[in-house]
Each structure stands twice: as C-alpha cells, then as structure tokens.
Amino acid sequence: MGGLGTVHPTAHGLTAGIVATIPALRPRDMSQGSEAVVNVVISFAVDFSTPYLQYAPRADLGPKSGFIFSTIALLPCVFTYLCVPECKGKSLEEIDLLFSSDNPLRHFDLHQMTAGLDESEEEGIKDEAFSVKSK
C-alpha cells in the first residue's frame, strides 16, 4: 500500500515534492491541487475498502488483500517510468525550459543546457539565458 502514496505522511511528502518541482511554472498550482485531491480520494478508498476486503461477512481475503493493493501499486511505478522525466542536476529554470521545448519527456537527460550571460546596459544586471542542445 505504500506504493499508492497514501499510507504514510512521508509518502505524501514524496509525491508533493515531485509535483512541486517537476511541472512547468504555469501548471504547478493546478498540479499540486490535483495531487492533494487524488491523495485524499485514494486514501479514503483504501481506508474504506480494507475492512470489507479482509473480514468474513464480505470478501474475507485476509492477507491476500495485499495482492490487490500491490497490483494497484504497480500503476504509479509504470506511470513514473513513462511520464516523469529525469531532472537530476537541473535547475528549476532548466526544467521549465525543457518542458516548454518540444523535447519528449523520456529524453530530458539527452539534452544539455547551455547558459549564456545577457548584460543589460541600462541597469548593469547580468541575466542568465538558457538554450537546449541535443547530445
């Protein structure tokens, strides 16, 4: 059941951490809100259905109910493998730029970021500009 992200508060912290850093800046609020709603709904479904699955008047599965939850827990693993890009060593700005470009999610690690400095003559402020290059 830990794979559902619903059993322990640290599991919620992990999913909230991923949702807070991975999406682009615009949909980040919607992502965090939907993550919280999905977490509450799934927590309720697991908490409500567990007694009915385990005890005699209903399904009477006992410890076998773990097979149901482990099968359901595989879904987030498949989703994470297919849809969550590798962002190790990238800043939030780089991740945002990669999302705004036409790069497939599974190939974020194949693109390297090059940074150049733009100097504003009026204010003397240095601004970092990023671009995406394929390896």
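If you're matching positions, the sequence shown starts at 2 in the working numbering and goes up one per residue.
Positions of the beta carbon are idealized from the N, C-alpha and C atoms, including for glycine.
These numbers were taken from a predicted model, which means no experiment stands behind them.
Check	Outcome
Alpha helix (DSSP H) segment containing I43, residue limits	29–55
Proximity to I69 [Cα-Cα], best of T51, P86, Q33	T51
Assumed close pair A109, L99 - CB separation to whole angstroms, cut-off 8 Å	One detail in the question is off: residue 109 reads as Phe in this sequence, not Ala. F109 to L99, Cβ: 5 Å. Contact.
P77 in three-state terms, based on DSSP	helix
Start-end ranges of the alpha helix (DSSP H) lying completely within the stretch 81–107, minimum 4 residues	93–101
Reference A74, options G34, C88, I43, closest by Cα	I43
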